[in-house]
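In this note's numbering, each residue's number is its place in the sequence shown (first place is 1) plus 12.
All C-beta atoms, glycine included, are put in the ideal place defined by N, C-alpha and C.
Below: one structure, written as structure tokens.
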Amino acid sequence: MANQPRAIGLALITLLMWSTVATAFKLTLAHASVLQTLAIASVVSSLVLVILVALSGKGAALADVFWDNWRFTLLAGLLNPVIYYLILFEAYDRLPAQLAQPINLTWTIVLSLMAGFFLKQRIRGFDYAAALISYAGVLVIVSQGDVTQLLQADWIGVGLAIVSTLVWAGYWTLNIRDQREPLVGMCLNFVIAAPVVLVIWWVFDGALPPVAGIFGGVYIGLFEMSLAFVCWSLALKATDNAATISNLIFLSPFLSLQFIHFVLGEVIHWTTYAGLITIIAGIVFQQVLHRRAAVATVAATP
Numbered sequence: 013m014a015n016q017p018r019a020i021g022l023a024l025i026t027l028l029m030w031s032t033v034a035t036a037f038k039l040t041l042a043h044a045s046v047l048q049t050l051a052i053a054s055v056v057s058s059l060v061l062v063i064l065v066a067l068s069g070k071g072a073a074l075a076d077v078f079w080d081n082w083r084f085t086l087l088a089g090l091l092n093p094v095i096y097y098l099i100l101f102e103a104y105d106r107l108p109a110q111l112a113q114p115i116n117l118t119w120t121i122v123l124s125l126m127a128g129f130f131l132k133q134r135i136r137g138f139d140y141a142a143a144l145i146s147y148a149g150v151l152v153i154v155s156q157g158d159v160t161q162l163l164q165a166d167w168i169g170v171g172l173a174i175v176s177t178l179v180w181a182g183y184w185t186l187n188i189r190d191q192r193e194p195l196v197g198m199c200l201n202f203v204i205a206a207p208v209v210l211v212i213w214w215v216f217d218g219a220l221p222p223v224a225g226i227f228g229g230v231y232i233g234l235f236e237m238s239l240a241f242v243c244w245s246l247a248l249k250a251t252d253n254a255a256t257i258s259n260l261i262f263l264s265p266f267l268s269l270q271f272i273h274f275v276l277g278e279v280i281h282w283t284t285y286a287g288l289i290t291i292i293a294g295i296v297f298q299q300v301l302h303r304r305a306a307v308a309t310v311a312a313t314p
């Protein structure tokens, strides 16, 4: 049964959690390495998700679901959290938060293109146009209002941020074919990935960060990797208008910039807002035209 006030409340809680993560990434990475951060966050997230699955009464099915889908689970777990967060954290370690965070939004554009290439879904001209608009926004942000800044930018960091969107879009493209219940599936992904992350951390790092780094990793694992997903899923289940709830997500990057400014002390360039608006314009442009195309297809069906 729909409960719109509950849905909006849960969506706003999710919005607040997502809005803090860019700041949390930078604060944590100031005290911990990428591998230390990922190891702590993955373990915490795995524990939280196992507890949530157990509380939902689905804990007994975990083993059966895993054995029925172990190949899928392994691939999904390697994509998220292992590969995705390794790349994303490295990007945040190199870039200002106000640059890395907006680039991350472009994954929705990439998702539609990947679905076309790998799932044989139709790619329309406006999908490519939307991508060009959004990536023009990325260039605006990187330039900081001065074209010469493009020559001085950390393009390795920018490239990593863009590659992270490819991995994230690939993960969700894979999820389109996922037959597992969402919470159970995500729990299994993280449970199978956590030992992999710990081995990578042990081989290539092996050190523990200071207390501030540990707390940061716990925060990321708790809010970015687990609770935000659960709250968002509950919000979508409680609403009778998913579009209204989904549109709230566009507030997150603007709220995130306020945390970046007031907590991290980054001076937010006007080009960051201009580029962010351009990126979102590309996303909205694509969504609107997809809806119109869907309506036209239905209307043309005899």
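Neighbourhood of residue i by C-beta distance below 7 Å, restricted to the same chain and skipping five residues each side
| i | result |
| --- | --- |
| Val203 | Ser58 and Val62 |
| Phe78 | Thr85 and Leu200 |
| Pro265 | Gln113, Pro114, Leu117 and Leu288 |
| Val179 | Leu91, Ile95, Tyr96 and Ile99 |
| Leu123 | Ala181, Trp184 and Thr185 |
| Ile52 | Ile226, Gly229, Val230 and Gly233 |
DSSP three-state assignment for residue i, whether helix, strand or coil
| i | result |
| --- | --- |
| Ala254 | helix |
| Ala42 | coil |
| Pro17 | helix |
| Gly185 | According to the sequence displayed, residue 185 carries Thr and not Gly. Helix, per DSSP. |
| Leu107 | coil |
| Val65 | helix |
| Lys249 | helix |
| His320 | One cannot answer for residue 320 here, as it falls past the ends of the chain, which runs 13 to 314. |
| Gly157 | coil |
| Trp219 | Note on residue identity: the sequence assigns Ala, not Trp, to residue 219. Ala219 falls in the coil class under three-state DSSP. |
| Ile320 | There is no way to answer for residue 320, as the model of the chain reaches only from 13 to 314. |
| Ile135 | coil |
| Gln113 | helix |
| Gln191 | coil |
7 Å Cβ cutoff met for residue i and residue j
| i | j | result |
| --- | --- | --- |
| Thr40 | Thr118 | no |
| Ala19 | Ala250 | yes |
| Ser254 | Leu260 | The amino acid at residue 254 is misidentified as Ser; the sequence shows Ala. No, the pair does not count as a contact, with Cβ atoms beyond the cut-off. |
| Leu234 | Val56 | yes |
| Leu269 | Ile280 | yes |
| Leu50 | Tyr97 | yes |
| Met237 | Thr185 | no |
| Ala34 | Ile257 | no |
| Cys243 | Thr26 | yes |
| Gly171 | Thr283 | no |
| Trp166 | Ser45 | According to the sequence as given, residue 166 is Asp; it is not Trp. It is not a contact, given that the beta carbons lie outside the stated cut-off. |
Within-7 Å CB hit, residue i to chain D
| i | result |
| --- | --- |
| Leu125 | No chain D is part of this structure, which consists of one protein chain only. |
First and last residue of the uninterrupted alpha helix (DSSP H) at residue i
| i | result |
| --- | --- |
| Arg83 | Trp82 to Gly89 |
| Ser264 | Ser264 to Phe271 |
| Ser212 | Rather than Ser, the amino acid found at residue 212 in this sequence is Ile. Ile212 -> alpha helix (DSSP H) spans Pro194 to Phe216. |
| Leu163 | Gln161 to Gln164 |
| Gly71 | Unbroken run through Gly71: none, as it is neither H nor E. |
| Met126 | Trp119 to Leu131 |
| Gly225 | Val223 to Tyr231 |
Close Cβ partners of residue i (< 6 Å) along its chain, the five nearest in sequence each way excluded
| i | result |
| --- | --- |
| Ala143 | Ile121 |
| Val175 | Ile99 |
| Tyr231 | Ala36 |
| Pro93 | Ser54 and Ala205 |
| Ile168 | none |
| Gly197 | Asp190 |
Cut-off 8 Å between Cβ atoms - residues of its own chain near residue i, not counting five sequence neighbours on either side
| i | result |
| --- | --- |
| Ser245 | Pro194 and Leu195 |
| Pro17 | none |
Taking contact to mean at least 3 C-beta pairs separated by less than 8 Å, is the region 202–219 in contact with the region 124–134? no
Are the region 99–110 and the region 217–226 touching, with three or more C-beta to C-beta distances below 8 Å? no
Touching by the beta-carbon criterion (3+ pairs, under 8 Å), the region 143–152 and the region 290–301: yes
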